[in-house]
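Just add 3 to wherever you are in the sequence shown, counting from 1, and you've got my numbering. The block underneath contains the structure these notes are about, expressed in structure tokens.
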Amino acid sequence: MKKYLTTPIYYVNDVPHIGHAYCTLATDTLARYWREKLGAENVFFLTGTDENSQKTVEAARKSGKPIPEYLEEIAGNWRTTWDEIGISYDDFIRTTEKRHHETVHKILQKIYDNGDIYRGKYEGHYCDGCETFLKESDLNEKGECPDHLKIPRKISEENYFFKLSKYGDKLLEVYAKNPRLLEPEKRRNEVLSFIKSGLDDISISRESAEMGIPLPWDENHKIYVWFDALINYYTAIDTDEKRDFWNSACHILGKDITRFHNVIWPAMLMSAGLPLPQEEFAHGFFTIDGVKMSKSLGNMVSPLEISREFGNDALRLGLLSSFEFGNDGDFSHENLAKLYDKKMASGLGNLFNRVIVLVNKFLDGQKPAGISTDEIKAEYENFAGFMEEKKLKSAIDYFFQIVDSANELLNEKEPWKLVKTDMDEAKKVFAKLLQKLETLKLMAKILLPETYPRMVDMLGDTEKVGEAQILFARIEKKSNP
Ligand code: ME8
């Protein structure tokens with residue numbers, strides 16, 4: 004079995020904010036889980052940047068740099084941000100790469116040869132923010148795009164069209180057969196009712212565009228940015244060694260882009276005679292302290308700011324445990340500080356520290372008999388159940404429940420006193436505690452990859468524990484070193 008996980012490829016007119024980091028960290032956490040289960044060689048995790056957009060041209064212009072120089076710099080910035088926050092991507096794709104142009108041409112030619120592309124005239128409202136045509140019924144009462152709050156441009160152009168209308172019934176059939184093609188159910192229902200309301204053919208080229216991949220059969224037209232961007236998922240595995248990853252493709256995306264991923268993309272693949280992804284999951288959006296994030300409000304938060312204050316694991320756990328993956332929710336700095344202080348430093352950090360100090364002090368570091376690998380496996384299986392369902396918050400909550408139960412056991416049994424009265428009983432308690440620590444260590448490999456190596460060191464080898472360490476420094480010290 005294989006697993007091919009993808010994030011959306013992000014627009015390069017923007018710097019990474021925590022909305023992007025949320026999706027990328029969630030996908031990374033899933034990739035880490037699947038690597039444990041299937042072996043690293045059977046997992047392929049892709050992220051990257053979406054560059055063939057009019058937004059790129061405008062952003063480059065604003066920066067005063069030539070487009071290629073601007074792109075190098077911004078794509079590099081996305082990449083280093085992901086490196087800095089510990090994203091374990093296997094490949095980073097840029098849609099201005101040659102490999103992508105080649106695959107786009109191959110797929111487009113197949114769609115063309117299948118008779119699904121024709122020339123026609125288009126008149127409509129184009130939103131530059133969404134990079135899409137909007138229907139009258141999509142606009143708000145002021146005639147604006149509801150997401151970007153701007154009146155879309157009126158465009159009238161001769162261009163090429165994709166026969167999306169032909170695929171409505173076929174799409175309904177594939178969703179009936181494989182509901183995992185879009186989860187959660189709420190998102191699937193939205194997409195199904197959009198399909199049932201009737202699909203229009205879509206314009207897939209621009210004669211006036213400055214940026215983009217030319218059509219294989221008409222060099223004067225550039226391919227519509229979404230039509231090229233979606234193909235990135237296929238480009239990255241379009242080699243003889245990697246093509247068999249395609250059958251296990253799992254796209255993770257935000258709920259804002261399901262019409263592209265769950266209507267247009269499967270129709271394109273059907274037209275090109277390619278299998279559909281195995282699954283897609285659309286996560287929700289979050290507000291910051293109850294307020295929608297937006298450039299104009301100036302409340303965009305950089306993942307780097309949080310990571311530099313609290314560390315990468317707190318960033319990951321804070322984002323993924325604020326609300327269940329798939330729902331909308333809120334993220335607050337105050338809750339993150341509490342999570343770090345109470346659950347990570349006082350809960351997990353203290354637990355590891357106390358147990359290892361005590362075992363070193365009273366048992367000379369020797370691990371007592373009675374650590375049950377069966378019980379460790381059973382608890383890990385419960386955790387794995389949440390991960391398979393992509394219930395990332397539940398997986399994290401389960402992890403902290405084990406931390407709490409271990410702390411309760413330690414406080415209730417007081418093994419530092421028991422060692423003086425009943426050494427056998429004290430050893431049983433330490434065995435149980437070390438067993439819980441081992442269980443937490445296995446889960447931490449996925450949930451707290453930055454802290455994990457120190458947990459490994461503290462747990463030592465089969466015979467003896469290692470030295471005690473501080474897993475999480477106090478926030479006061481971090482903010483004012
Ligand atoms: O749409 N909460 O790229 P994009 C949660 N290039 N997630 C958020 C968020 C928020 N407040 N804000 C953004 C594009 N996101 C296209 C994709 S794929 C072939 C092309 C996340 O840079 C969320 O995952 O606008 C959303 O889908 C993505 O960023 C959009 O990133």
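In this text, a Cβ means the ideal position worked out from N, Cα and C, and glycines have one as well. Predicted, not measured: the structure shown is a model, and the values here were computed from it.
Taking a C-beta distance under 8 Å as the contact criterion, residue 461 and residue 402 do not qualify as a contact pair. A contact between stretches requires three or more CB pairs, one per stretch, nearer than 8 Å, and the segment 4–22 meets this requirement with the segment 296–306. The C-beta distance from residue 285 to residue 190 rounds to 4 Å, short enough to fall under 8 Å.
With contacts defined by Cβ atoms closer than 8 Å, residue 432 and residue 354 do not form a contacting pair. By the criterion of a C-beta distance shorter than 6 Å, residue 247 is surrounded by no residue of its chain, once the five residues flanking it on both sides are discounted.
In this structure, residue 185 lies near residue 194, with their beta-carbon atoms less than 8 Å apart. Close CB contacts of residue 182 within its chain, under the 8 Å cut and outside five residues either way in sequence, are with 188 and 191 (chain order). Per DSSP, residue 97 is one residue of the beta strand (DSSP E) stretching across 94–97.
For the set 137, 293 and 163, the Cα lying nearest the Cα of residue 154 is the one of 137. For residue 192, the enclosing alpha helix (DSSP H) covers residues 188–199. In this structure, residue 382 keeps its C-beta atom at 8 Å or more from the C-beta atom of residue 454. Exclusion of residue 347 from the 7 Å shell around the ligand ME8 follows from its C-beta lying no nearer than that to any non-hydrogen atom of the ligand.
Residue pairing by DSSP puts residue 130 in a beta bridge opposite 135. The continuous alpha helix (DSSP H) containing residue 409 extends over residues 395–416. At a Cβ-Cβ threshold of 8 Å, residue 45 and residue 6 count as neighbours. Fully enclosed alpha helix (DSSP H) runs of no fewer than 4 residues occupy 228–233, 235–238 and 268–274 of the segment 191–277, in order along the chain. For residue 6, the three-state secondary structure derived from DSSP is strand. The ligand ME8 never approaches residue 4 closely enough for any of its heavy atoms to be under 7 Å from the residue's Cβ. The count of Cβ pairs closer than 8 Å, one atom from the segment 225–240 and one from the segment 104–122, reaches three, so the stretches are in contact.
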